[in-house]
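Here the structure comes first, spelled out in structure tokens, and everything after it is commentary.
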Amino acid sequence: MPEPEIAFDLTPLQNAHRYRGIGTYVRGLAVRLMQQKDVPIEFWGWHGEPSFAIEPPHRKLLLTRIPMPRYRGAWLFAQLATRRRAMKSRVKAVHVTDPEALTALPPRKLLATVYDLIPLKQGIGRRRALARAGYDSYLKGLRKADVLFAISEQTAGDIVEMLRVPASRIRIAKPGVDLPRSEPRTVRRARQYFLYLGGPNPNKNLGVLLDAMAQCTELEEELRIGGYWLPKQVAALEAQTSSAELRGRVRHIGFVPEEELTALIRDATAVIIPSLQEGFGLPVAEGLAAGALVIHSRLPVLEATSGGAALVFDPTSATALADCLRRAAHDPELQKSLRGRALEQARQITWDAAIKTTLTTYEAILRE
Numbered sequence: 024m025p026e027p028e029i030a031f032d033l034t035p036l037q038n039a040h041r042y043r044g045i046g047t048y049v050r051g052l053a054v055r056l057m058q059q060k061d062v063p064i065e066f067w068g069w070h071g072e073p074s075f076a077i078e079p080p081h082r083k084l085l086l087t088r089i090p091m092p093r094y095r096g097a098w099l100f101a102q103l104a105t106r107r108r109a110m111k112s113r114v115k116a117v118h119v120t121d122p123e124a125l126t127a128l129p130p131r132k133l134l135a136t137v138y139d140l141i142p143l144k145q146g147i148g149r150r151r152a153l154a155r156a157g158y159d160s161y162l163k164g165l166r167k168a169d170v171l172f173a174i175s176e177q178t179a180g181d182i183v184e185m186l187r188v189p190a191s192r193i194r195i196a197k198p199g200v201d202l203p204r205s206e207p208r209t210v211r212r213a214r215q216y217f218l219y220l221g222g223p224n225p226n227k228n229l230g231v232l233l234d235a236m237a238q239c240t241e242l243e244e245e246l247r248i249g250g251y252w253l254p255k256q257v258a259a260l261e262a263q264t265s266s267a268e269l270r271g272r273v274r275h276i277g278f279v280p281e282e283e284l285t286a287l288i289r290d291a292t293a294v295i296i297p298s299l300q301e302g303f304g305l306p307v308a309e310g311l312a313a314g315a316l317v318i319h320s321r322l323p324v325l326e327a328t329s330g331g332a333a334l335v336f337d338p339t340s341a342t343a344l345a346d347c348l349r350r351a352a353h354d355p356e357l358q359k360s361l362r363g364r365a366l367e368q369a370r371q372i373t374w375d376a377a378i379k380t381t382l383t384t385y386e387a388i389l390r391e
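Throughout, my numbering is defined as the position within the sequence shown, counted from one, plus 23.
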């Protein structure tokens, strides 16, 4: 049985990324790479949870976890761990999926997944010198990598334009979305709600959603915000929503486990994605797969995902979003139509092309 000649980085499933879209992407890709037998792969990670059922011809290379920060300066430890795994491995190429772990591993070929370049577009504050140094290291690694997997045409275009990386070094590997295996269990909800899944990052544009909610005081829906947030971020949200128009109408519900997520999305009056910038927009795909009414900002990358099965609005206009919220709450025919189209569109969002591209790229780079 041939030994694996390429390694795949599982660490986003074992660090803070597991709560975000990066973790969802890596999980979806990794599960399918483990299922195939044509290209043997060495899966890199940490000992401990979560455990992975990795069977021949694949194998795993796991390190004992060392104390390391979750956020501040985590990239230094992640890169060190990548180099330690490389020292213990005989593979010829490494596919790094954690942005913080990307580092040169000569003489091995280096492949990396790129989710977006939003921090480069927005900039990192001067006071965050360590974070800026980490991101600069990441960009340097991207420029030197042999192959970059972009999760969308948007991200691929940004790589070419902003990093001056030749398009010939870029492969597009869009994520798929898993449809529920069975009908989600029925949950009795005490109150109708709109749902936002994500963080407080500026590109997520949560402020325009809060402004829209403030314009819709006649609606009975509350806004539920799901996602792993730091305590200080939750405190800032509570202060931001203390006005008379929003008090008691906005609630942070924390990270939602996968087994509860589909029902939570499906039961919402609407799922809202108000982003100003996105690499792909996974919550759009998740909303479609759950059969939800999806409302998202008018961005080409999001419209490519929703395929006309969603309400769209100008992300700079709270009034436009408020109109969408009212339509979602008061128009049962619209609800029925868009929920049906959502499931049809979700069936088109598969991992097939990404897996084929990934494996073809692995085979090609190992022949070099």
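Cβ atoms here follow ideal geometry from the backbone N, Cα and C, with glycine treated the same way. Predicted model only: the values in this text are computed from it and were never measured.
Buried/exposed call for residue i, threshold 16 Cβ in 10 Å
i	result
ILE276	exposed
HIS353	exposed
LYS111	exposed
PHE278	exposed
GLU145	What sits at residue 145 in the sequence shown is Gln, not Glu. With fewer than 16 other Cβ atoms within 10 Å, it is exposed.
LEU334	buried
SER329	buried
THR136	buried
LEU140	buried
THR126	buried
GLN371	exposed
ASP375	exposed
THR264	buried
ASP61	exposed
GLN215	exposed
GLY199	buried
SER266	exposed
GLU356	exposed
TYR219	buried
VAL253	Residue identity check: residue 253 is Leu in the sequence provided, not Val. LEU253 should be labelled exposed.
Rounded straight-line distance, which links the Cα of residue j to that of residue i
i	j	result
LEU229	PHE172	29 angstroms
VAL317	VAL54	27 angstroms
ILE89	ALA104	9 angstroms
GLU392	TYR385	Residue 392 lies beyond the range of the chain shown here (24 to 391); nothing can be said about it.
LEU322	MET24	47 angstroms
ALA327	ARG41	25 angstroms
GLY148	VAL183	24 angstroms
PRO461	ALA156	Nothing about residue 461 can be read from this structure; the chain reaches only from 24 to 391.
THR246	ARG272	Contrary to the premise, residue 246 reads as Leu rather than Thr in this sequence. Roughly 6 angstroms separates the two Cα atoms.
HIS319	GLN37	30 angstroms
CYS257	LYS227	Looking at the sequence shown, residue 257 is not Cys but Val. Their backbone Cα atoms lie some 15 angstroms apart in a straight line.
PHE217	ALA293	5 angstroms
CYS239	GLY249	21 angstroms
GLY222	VAL119	24 angstroms
ALA365	GLY331	9 angstroms
ALA159	LEU242	The sequence given here has Asp at residue 159, not Ala. Going by the C-alpha atoms only, they are around 45 angstroms apart.
PRO280	ALA286	11 angstroms
ALA213	ARG274	13 angstroms
LEU99	LYS163	14 angstroms
ARG192	LYS255	40 angstroms
ARG349	ASP201	29 angstroms
GLU268	ASP346	17 angstroms
LEU86	TRP69	5 angstroms
ALA152	LEU344	36 angstroms
LEU186	ILE64	29 angstroms
LEU232	GLU26	51 angstroms
PHE75	ASP337	42 angstroms
GLY180	VAL324	11 angstroms
ARG50	PRO73	11 angstroms
Contact set for residue i: own chain, Cβ-Cβ below 8 angstroms, skip 5 residues either direction
i	result
TYR138	GLY44, ILE45, TYR48, PRO122, ILE174, THR178, GLY302, PHE303
GLU391	LYS132
PRO203	THR285, ALA312, ALA313
Proximal residues to residue i (C-beta, below 6 angstroms), its chain only, five neighbours per side dropped
i	result
ASP234	ALA341
THR380	ARG194, ALA196
LYS83	PHE66, ILE77
ASP169	LYS132, LEU133
LEU382	VAL62
ALA237	GLU268, LEU269
Nonlocal neighbours in the same chain, by C-beta distance under 7 angstroms from residue i, ignoring five residues either side
i	result
ALA154	ILE147
PRO225	GLN145
ARG289	PRO207, ALA313, GLY314, ALA315
ARG166	LEU186, VAL188
Closer than 8 angstroms to chain D by CB, residue i
i	result
ILE77	Of the protein chains in the structure, only one exists, and it is not chain D.
| Is there contact here, the segment 305–312 with the segment 354–361, by at least three beta-carbon pairs under 8 angstroms? | no
| task | Would you list, in sequence order, the uninterrupted beta strand (DSSP E) runs of no fewer than 3 residues that lie entirely inside the segment 126–169? | result | 132–137
| message | For the segment 26–36 against the segment 103–119, do three or more pairs of beta-carbon atoms, one drawn from each stretch, fall closer than 8 angstroms, so that the two count as touching? | response | yes
| message | Report the start-end ranges of each beta strand (DSSP E) in the segment 185–257 that is 3 residues or longer and not cut off at the edges. | response | If you keep only unbroken beta strand (DSSP E) runs of at least 3 residues inside the segment 185–257, you get 193–195, 216–220, 245–249.
| Which runs of the alpha helix (DSSP H), 4 residues or longer, sit entirely within the segment 292–378? | 305–312, 323–329, 341–353, 355–369
| field | Segments of 3+ residues assigned as beta strand (DSSP E) that fall wholly inside the segment 47–127 | value | Given a length threshold of 3 residues, each whole run of the beta strand (DSSP E) inside the segment 47–127 is given here in chain order: 64–69, 82–86, 116–119.
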